[in-house]
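Q:
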Amino acid sequence: MPIQWYPGHMTKARRLIADSMPSQDVIIEVLDARMPRSSENPVVTELRRHKPVIKVLGKSDLADPVVTKAWIRFFEEEVHPSPGDGLAPGKVVAIALTTTRPGEAKTKLPELCKKLALHPRGPGKTPRVMIVGIPNVGKSTLINTLMDRKVAKTGDEPAVTKGQQIVTLKSGMTISDNPGIMWPKIEDEDASLRLAFGGAIPDSAIDYETVGFWGASYLLEAYPALVLARYKLKSLPATPMALLEEIGKRRGGLRAGGVVDLHKAADALIHDFRQGALGRITLESPPKPEPKPDPDLELDLDLEPTD
Ligand SMILES: Nc1nc2c(ncn2[C@@H]2O[C@H](COP(=O)(O)OP(=O)(O)O)[C@@H](O)[C@H]2O)c(=O)[nH]1
Ligand SMILES: [Mg+2]
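Per my numbering, residue 74 is the first one in the sequence shown, and the count goes up by one each step.
1) Below 7 Å, is the gap between the Cβ of THR227 and the nearest heavy atom of ligand 2?
2) Any idea which residues DSSP pairs ASP250 with across the strands?
3) Between the alpha carbons of PRO154 and GLU294, how many angstroms are there, rounded?
4) May I ask you to report which of helix, strand or coil DSSP gives ASP345?
5) Would DSSP call ALA232 helix, strand or coil?
6) Taking DSSP as the reference, what is the three-state secondary structure of GLU102?
7) Does chain B have any CB closer than 8 Å to the CB of ALA338?
8) Do the region 204-211 and the region 252-260 touch if we need at least three Cβ pairs shorter than 8 Å?
9) Can you name, in chain order, every residue of its own chain whose Cβ lies under 6 Å from the Cβ of LEU292, other than the five neighbours on each side?
10) Does the distance between the C-beta of ASP340 and the nearest non-hydrogen atom of ligand 2 fall short of 7 Å?
11) First and last residue of the beta strand (DSSP E) that includes ILE127?
12) On the criterion of 16 or more Cβ atoms from any shown chain inside 10 Å, does ARG201 qualify as buried, or is it exposed?
13) In terms of residue numbering, what span does the beta strand (DSSP E) encompassing MET19 cover?
14) Does the distance from the CB of ALA289 to the CB of LEU316 come in under 8 Å?
15) Quick check: what's the CA-CA separation for PRO109 versus GLY326?
16) Give me the residue from ILE354, ASP261, PRO231 and THR172 with the minimum Cα distance to ASN217.
17) I need the straight-line Cα distance from ASP158 to ARG122, nearest angstrom please.
18) Could you spell out the range, first to last residue, of the alpha helix (DSSP H) harbouring VAL166?
19) What's the gap between the Cα of LEU185 and the Cα of TRP78?
20) Provide the residue span of the alpha helix (DSSP H) that contains ILE145, from first to last.
21) In angstroms with no decimal places, state the Cα-to-Cα distance between GLY211 and PHE286.
22) Since ILE76 sits in a beta bridge, which residues does DSSP pair it with?
23) Start and end of the alpha helix (DSSP H) containing SER213?
24) When we look at the beta-carbon of ASP137 and count the other beta-carbons within 10 Å, is it buried (16 or more) or exposed?
25) Per DSSP, LEU89 forms a beta bridge with which residues?
26) Quick check on VAL166: buried or exposed, where buried means 16 or more other Cβ atoms within 10 Å of its Cβ?
27) I'd like the span of the alpha helix (DSSP H) that includes GLY285, first residue to last.
28) Less than 8 Å between the beta carbons of THR214 and THR227, yes or no?
29) Give the secondary structure of LEU327 by DSSP, where H, G and I count as helix, E and B as strand, and everything else as coil.
30) Just checking ASP250 against ligand 2 - is the residue's beta carbon closer than 7 Å to any of the ligand's heavy atoms?
31) Applying the criterion that 16 or more other CB atoms from any shown protein chain within 10 Å of the CB defines a buried residue, is PRO115 buried or exposed?
32) With burial defined as no fewer than 16 other Cβ atoms inside 10 Å of the residue's Cβ, what is the status of SER244: buried or exposed?
33) Apart from the five residues on each side of it in sequence, which residues of its chain come closer than 7 Å, Cβ to Cβ, to LYS164?
Dropping the structure here:
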């Protein structure tokens, strides 16, 4: 199910971000901690070029804490390709944040920004910072947390923020909130299903049953104990479809004749996941590092007769 969701307002938002980028010192890219790689926007990477970036793994209260730690290590150790202008890509720092621990965002984030700002604008000048990312990851919530009051509108659906909003922190640092942007075509099918399952793409643009089936399949494999507990099952259903049927039976999705309404069942599973009702879940793990060549093996190969 390749997803194409690139409405007109997103072209406008991309232009807005591209235009403001040159005057920024640090970029905060908010990712979804439950799918850090899938929620990383290639357009942001392309636009920021060599500027330092803080990858904020947002909503980390909903994500599997062990996997979140692995992702932070991964982002900080990842070798980034040069953006093509001969300059080394800027420093990447990753940090997990959540609204359940607002103090952490308020203390750590401004400090990190100050440390990373590469181009101080002269003595006494404070950094300019820009918050970007895909829709519905918590960008506006983050700016409200940093300001300690509601300056930006938030909501659990994509495209709540329509324009750019610049605020000044007590320290004098300016931070802008921006509309979420996607990229024109999400080629990776699993990534598009993760994004749909997590709520980055509006429900009107996805097929609920396909997304619910994908989610059921992933959860059965990766978090069977949470599935058993949430739906009070005695044993694990053998297939994703069997799981959806069990969920349907328990959530008012049983139609006349005992037929399960799959749309309702998928809806229940999708919303349970989005609200964290199943427990702390992450939908993807960082790729394993490439195995290093074994020096002994190379030695053996050298000893092979060459004729
Ligand atoms: N559980 C949880 N929900 C969050 C967190 N941050 C944001 N949200 C929720 O995610 C939804 C989207 O937030 P919003 O700030 O509007 O996202 P934006 O589109 O990136 O600006 C809202 O319903 C927020 O309440 C978090 O750290 N934990
Ligand atoms: Mg917003």
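Just so it is clear, CB atoms sit at the ideal spot from N, CA and C, and this is done for glycine as well.
A: Taking the coordinates as given:
1) Within the sequence shown, residue 227 is the residue found at index 154, counting from 1. Yes, the Cβ of THR227 comes within 7 Å of a heavy atom of ligand 2.
2) As a working mapping, residue 250 is identified with position 177 in the sequence shown. By DSSP's assignment, ASP250 forms a beta bridge with GLN238.
3) Within the sequence shown, numbered from 1, the residue matching residue 154 stands at position 81. Within the sequence shown, numbered from 1, the residue matching residue 294 stands at position 221. Rounded to whole angstroms, PRO154 to GLU294 spans 33 Å at the Cα level.
4) Position 272 of the sequence shown, counted from the first residue, corresponds to residue 345. ASP345: helix per DSSP, three-state reduction.
5) For the purposes of this step, residue 232 is taken as residue 159 along the sequence shown, with counting starting at 1. Here DSSP, grouped into helix, strand and coil, assigns ALA232 to coil.
6) Your numbering for residue 102 matches position 29 in the sequence shown. Here GLU102 carries a strand assignment [DSSP, helix/strand/coil].
7) The chain labelled as chain B is not found in the depicted structure, where only one protein chain is given.
8) Output reads yes: the region 252-260 touches the region 204-211.
9) Your numbering for residue 292 matches position 219 in the sequence shown. Excluding sequence neighbours, LEU292 sits near VAL300.
10) One-based indexing of the sequence shown puts residue 340 at position 267. Not so, every heavy atom of ligand 2 lies at least 7 Å from the Cβ.
11) If you number the sequence shown from 1, residue 127 lands on position 54. Segment 126-131, the beta strand (DSSP E) holding ILE127.
12) Residue 201 sits at position 128 when you count from the first residue of the sequence shown. Buried is the call here.
13) Because residue 19 is not part of the residues shown, which for the chain are 74 to 380, the question remains open.
14) Residue mapping note: residue 289 aligns to position 216 of the sequence shown, counting from 1. Residue mapping note: residue 316 aligns to position 243 of the sequence shown, counting from 1. In this structure, ALA289 sits near LEU316, with a CB-CB distance shorter than 8 Å.
15) Counting from one through the sequence shown, the residue named residue 109 turns up at place 36. Counting from one through the sequence shown, the residue named residue 326 turns up at place 253. When rounded, the distance between both Cα atoms is 32 Å.
16) As a working mapping, residue 217 is identified with position 144 in the sequence shown. Here the closest residue by C-alpha is THR172.
17) For the purposes of this step, residue 158 is identified with residue 85 of the sequence shown, where counting begins at 1. For the purposes of this step, residue 122 is identified with residue 49 of the sequence shown, where counting begins at 1. Between ASP158 and ARG122, the C-alpha separation is close to 8 Å.
18) Numbered from 1 along the sequence shown, position 93 holds the residue referred to as residue 166. VAL166 -> not in any alpha helix (DSSP H); beta strand (DSSP E) instead, spanning 165-169.
19) Numbered from 1 along the sequence shown, position 112 holds the residue referred to as residue 185. Numbered from 1 along the sequence shown, position 5 holds the residue referred to as residue 78. Going from the Cα of LEU185 to the Cα of TRP78 covers about 33 Å.
20) Position 72 of the sequence shown, counted from the first residue, corresponds to residue 145. Looking at the DSSP string, the run of the alpha helix (DSSP H) that includes ILE145 is 138-150.
21) Taking the sequence shown and counting its residues from 1, the one referred to as residue 211 is at position 138. Taking the sequence shown and counting its residues from 1, the one referred to as residue 286 is at position 213. Going by the C-alpha atoms only, they are around 26 Å apart.
22) Along the sequence shown, read from residue 1 onward, the residue named residue 76 stands at position 3. Bridge partners of ILE76: ILE259.
23) Along the sequence shown, one-based indexing puts residue 213 at 140. Run containing SER213: 212-220, per the alpha helix (DSSP H) assignment.
24) As a first step, residue 137 is located in the sequence shown; it is residue number 64 there, counting from the start. Buried: at least 16 other Cβ atoms inside 10 Å.
25) Within the sequence shown, residue 89 is the residue found at index 16, counting from 1. Looking at the DSSP assignment, LEU89 forms no beta bridge with any residue, so it has no partner.
26) Here residue 166 refers to the residue found at position 93 of the sequence shown. VAL166 comes out buried.
27) As a working mapping, residue 285 is identified with position 212 in the sequence shown. 281-295 is the span of the alpha helix (DSSP H), which, as asked, contains GLY285.
28) Locating residue 214 in the sequence shown gives position 141, where the first residue counts as 1. Locating residue 227 in the sequence shown gives position 154, where the first residue counts as 1. Yes, these two residues count as a Cβ contact at 8 Å.
29) Taking the sequence shown and counting its residues from 1, the one referred to as residue 327 is at position 254. The answer is strand: DSSP assigns LEU327 an E or B state.
30) Within the sequence shown, residue 250 is the residue found at index 177, counting from 1. Yes, ligand 2 has a heavy atom inside 7 Å of this Cβ.
31) The count along the sequence shown starts at 1 and reaches residue 115 at position 42. Looking at its Cβ environment, which holds fewer than 16 other Cβ atoms inside 10 Å, PRO115 is exposed.
32) One-based indexing of the sequence shown puts residue 244 at position 171. SER244 is exposed by the Cβ-count criterion.
33) Here residue 164 refers to the residue found at position 91 of the sequence shown. Counting only Cβ-Cβ distances below 7 Å, and skipping sequence neighbours, we find PRO125 and LEU189.
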